[in-house]
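K.L.:
For the sequence shown, my numbering assigns the number 7 to the initial residue and increments by one for each residue that follows. Could you have a look at this structure, given as structure tokens, before my questions?
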Amino acid sequence: MTYKAFDDTSLGFSTRQLHAGYNPAEHNRAKAVPIYQSAAFEIGEYERSIRLFSYQEEGTSYVRFSNPTTAAAEKRIASLEGGSAAIAMGSGMAAISSALLNLASPGDDIVASRTIYGGSQTMFNKLFPRYGVHVTFVSDEDDPQSFAAAIGENTKAVFIESIGNPLCNIIDIERVAEIAHAHGVPLVVDNTFATPYLLRPFEFGADIVCYSATKYLNGHGNSIAGVCVERGDFDWLSGKFPHMDAFYGEHKDTIGAETLGREMFTKKMRIEYLTEFGAHISPQTSFYLMQGLETLSLRMERHVANALRVAEFLEGHAAVKEISYPGLASSIYYGLAKKYFPVGGPGAMMSIRLKGGLDAAKRVLERVRIFDYMVNVGDAKSMIVHPMTSINFGQPKEVAAAAGVYEDTLRLSVGCEDAKDLIADLEQALG
Ligand code: PLP
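This is the structure we're talking about:
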């Protein structure tokens with residue numbers, strides 16, 4: 007038998023989520039990816055040490071740089087995303103912060119949408135400026151021209167979420183990618199809420215895709231992880247990124263110009279940020295991630311089917327003032343949902359505002375019996391949270407409002423339970 011499914015890119019998504027990136031023949035024919043619970047690996051020969059530490063050879067010496075369990079997860083995700091390379095890290099925030107610092111240096115600027123996860127917003131507003139990296143937020147995410155207006159001479163990345171957290175707005179990725187590219191700037195997309203099963207931003211021009219793999223990719227709420235994937239054809243040597251030029255000069259003779267042409271972003275992020283800043287993912291977590299990936303398409307189909315039924319119920323409920331779910335025909339994002347999610351539907355996250363204000367929101371949180379009141383999302387189990395007093399805690403009101411967060415806002419992550427039970431739970435909680 008010749009097993010080839012691990013690197014056959016012509017296979018369908020569900021086949022690749024089970025086979026891509028892992029060749030059992032290289033691991034004692036273990037069918038489940040082994041957990042290489044080892045901090046370091048024997049180097050073996052003197053000459054090999056030179057090859058490893060000059061990055062000529064891709065092997066493993068120390069787990070902070072790479073690990074065979076993690077490498078399999080990275081290859082699987084790169085395959086599912088349609089990218090040239092992926093890098094896994096200790097959390098979604100580690101992946102996003104490293105990705106952006108991999109692009110921007112002190113004095114540079116990043117352009118971002120305001121409709122993003124509260125943690126990313128706080129990092130951009132409070133931490134990045136301390137390192138000399140300024141973030142300009144666009145004034146209107148629904149108008150691609152506002153991205154053009156925000157891009158300046160020193161802009162080194164445009165950052166958006168494909169489905170905004172928690173507003174669940176959809177940004178016209180294709181138009182924003184065209185605008186970013188016209189300025190020689192890469193588009194970085196946090197695709198956490200969408201997953202590569204529902205949307206692959208590279209097909210619409212994105213250059214880097216980031217994930218909190220804590221969420222749907224893992225899918226079972228048992229560990230924290232992050233991933234970045236590179237499309238592989240951005241021109242990093244245009245002169246706009248002096249640190250990329252320097253990296254290329256330093257490594258082209260050992261890593262090779264061809265590999266760098268395809269994976270420069272990922273190699274640089276691994277060698278500089280993962281290895282030196284150290285936010286590595288544990289092999290055990292990579293194993294959980296692989297397990298979760300095996301059922302990604304199945305879970306997402308169920309998530310989305312349930313979400314639509316829950317959204318339709320909430321839309322018709324007397325206690326609900328507003329619902330934001332792009333799969334509803336009444337949503338202002340319905341047209342973009344059809345464009346970007348024509349087959350699978352626009353995810354399973356939604357936010358609602360309640361007519362009864364904060365008191366009503368508190369009541370729902372304390373009454374739910376199946377939805378869990380917690381800050382995570384993308385677990386197979388349903389969750390609900392009050393963003394103002396958790397994820398967006400302490401933010402100025404106008405910053406929170408721009409991300410769709412008010413004191414009467416609740417965010418729902420619709421899981422894979424029976425839809426009728428979820429609806430009954432919300433009905434009793436809202437009643
Ligand atoms: N991006 C999005 C859209 C998120 O919702 C989150 C976390 O909730 C993150 C990034 C950060 O991920 P992590 O918690 O894995 O660091």
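Glycine residues also receive a C-beta, built at the ideal position from the N, C-alpha and C atoms.
#1: Does DSSP put Glu423 in a helix, in a strand, or in coil?
#2: Who are the near neighbours of Asn160 in its chain, counting only those whose CB is closer than 7 Å to its CB and skipping five residues on each side?
#3: I'd like to check one pair, Ala386 with Gly232: are the Cβ atoms closer than 9 Å?
#4: Per DSSP, His249 forms a beta bridge with which residues?
#5: Hey, which unbroken runs of the alpha helix (DSSP H) at 4 residues or more fall wholly within the stretch 311-337?
#6: Applying the 10 Å Cβ sphere with the 16-neighbour rule, what's the burial state of Asn171?
#7: For Met270, report the span of its alpha helix (DSSP H) as first-last.
#8: Spell out a yes or no on whether the stretch 67-78 and the stretch 100-111 are touching, meaning 3 or more CB-CB pairs, one atom from each, closer than 8 Å.
#9: Distance check for Leu314 and Glu278, CA to CA, integer angstroms please.
#10: Hey, how far is the Cα of Ala430 from the Cα of Arg375?
#11: Flag this pair as yes or no: are the beta carbons of Gly353 and Ile169 separated by less than 9 Å?
#12: Note the first and the last residue of the continuous beta strand (DSSP E) segment covering Leu193.
#13: Can we say the stretch 193-203 touches the stretch 276-296, given the rule of at least three CB pairs closer than 8 Å?
#14: Can you tell which of Thr198, Tyr137, Lys81 and Lys327 has its C-alpha closest to the C-alpha of Phe12?
#15: Is Met99 near the ligand PLP, judged by its Cβ being under 8 Å from some heavy atom?
#16: By Cβ distance, which residues of its chain are closer than 8 Å to Ile261, with the 5 residues on each side in sequence left out?
#17: Using DSSP with H/G/I as helix, E/B as strand and the rest coil, what is Phe399?
#18: Given a cut-off of 9 Å on the beta-carbon distance, is the pair Ala105 and Ile287 in contact?
#19: Taking the continuous alpha helix (DSSP H) assigned at Thr161, which residues delimit it?
#20: At the level of alpha carbons, what is the spacing between Ala163 and Val182?
#21: CB Lys327 to CB Leu360, shorter than 9 Å?
#22: Measuring straight from C-alpha to C-alpha, what distance separates Gly421 and Tyr339?
#23: Compute the Euclidean distance between the alpha carbons of Phe71 and Ile397, then round it to the nearest angstrom.
#24: So, His120 versus Val139, is the Cβ gap smaller than 9 Å?
#25: Could you name each continuous beta strand (DSSP E) segment of 3 residues or more that falls completely within the stretch 336-375, going from the start of the chain to the end?
#26: Is any non-hydrogen atom of the ligand PLP found closer than 8 Å to the C-beta of Lys221, if you look at the structure I gave you?
#27: Using CA coordinates, which residue listed in Ser111, Pro289 and Asn108 is at the minimum distance from Pro74?
#28: Along the chain, where does the alpha helix (DSSP H) containing Tyr294 start, and where does it finish?
#29: Spatial neighbours of Ala2 within its chain, please: C-beta separation below 6 Å, excluding the five flanking residues on both sides.
#30: From which residue to which residue does the beta strand (DSSP E) around Ile214 run?
#31: Could you check if Thr220 is buried or exposed, using at least 16 other CB atoms within 10 Å of its CB as the buried criterion?
#32: Taking just the CA atoms, how far does Glu180 sit from Gly88?
#33: Thinking C-alpha only, which one of Gly124, Pro30 and Ser20 is nearest Ala407?
#34: On a CA-only basis, which of Ser336, His309, Thr291 and Gly298 is nearest Leu418? Give me that one, please.
P.N.:
Inspection of the coordinates gives the following:
#1: Taken through DSSP and simplified to helix, strand or coil, Glu423 comes out as coil.
#2: Gly113, Asp114 and Asp115, listed in sequence order.
#3: Not in contact: Gly232 and Ala386 (Cβ atoms no closer than 9 Å).
#4: None; His249 has no bridge partner.
#5: The stretch 311-337 is shown to contain no whole alpha helix (DSSP H) run of 4 or more residues.
#6: Burial call: buried.
#7: Following the DSSP letters along the chain, one finds Met270 inside the alpha helix (DSSP H) bounded by residues Ala263 to Lys274.
#8: When C-beta atoms of the stretch 67-78 are compared with those of the stretch 100-111, fewer than three pairs fall below 8 Å, so the two segments do not count as touching.
#9: Their backbone Cα atoms lie some 43 Å apart in a straight line.
#10: When rounded, the distance between both Cα atoms is 10 Å.
#11: In this structure, Gly353 places its C-beta atom within 9 Å of the C-beta atom of Ile169.
#12: DSSP places Leu193 inside the beta strand (DSSP E), whose first and last residues are Leu193 to Asp196.
#13: Touching, no.
#14: Checked all of Thr198, Tyr137, Lys81 and Lys327; the closest Cα to Phe12 is Lys81.
#15: Within the cutoff, so yes.
#16: Sequence-distant Cβ neighbours of Ile261 in its own chain, meaning closer than 8 Å and more than five residues away, are Tyr61, Gln62 and Lys273.
#17: Judged by DSSP in its simplified three-state form, Phe399 adopts coil rather than helix or strand.
#18: Contact: no.
#19: Not the alpha helix (DSSP H): Thr161 falls in the beta strand (DSSP E), residues Thr161 to Glu167.
#20: Rounded to whole angstroms, Ala163 to Val182 spans 11 Å at the Cα level.
#21: Cβ distance < 9 Å, so Lys327 and Leu360 count as in contact.
#22: Roughly 22 Å between the two C-alpha positions.
#23: In a straight line, the C-alpha of Phe71 is about 31 Å away from that of Ile397.
#24: Note that residue 120 corresponds to Arg in the displayed sequence, not to His. When the beta-carbon positions are compared, Arg120 and Val139 stay at least 9 Å from each other.
#25: Entirely contained in the stretch 336-375, the beta strand (DSSP E) runs reaching 3 residues are, in chain order, 355-360.
#26: Lys221 Cβ: within cutoff of the ligand PLP.
#27: Considering only alpha carbons, the answer is Pro289.
#28: Secondary structure note for Tyr294: its alpha helix (DSSP H) is the uninterrupted segment Pro289 to Leu299.
#29: The structure shown does not extend to residue 2, since the chain is modelled only from 7 to 437, so the question has no answer here.
#30: Residues Ile214 to Ser218.
#31: Residue environment: Thr220 is assigned as buried (16 or more neighbouring CB atoms within 10 Å of its CB, all protein chains considered).
#32: The alpha-carbon atoms of Gly88 and Glu180 are separated by roughly 16 Å.
#33: Looking at the Cα atoms, Gly124 is the closest of the given residues.
#34: The shortest C-alpha separation from Leu418 is found at His309.
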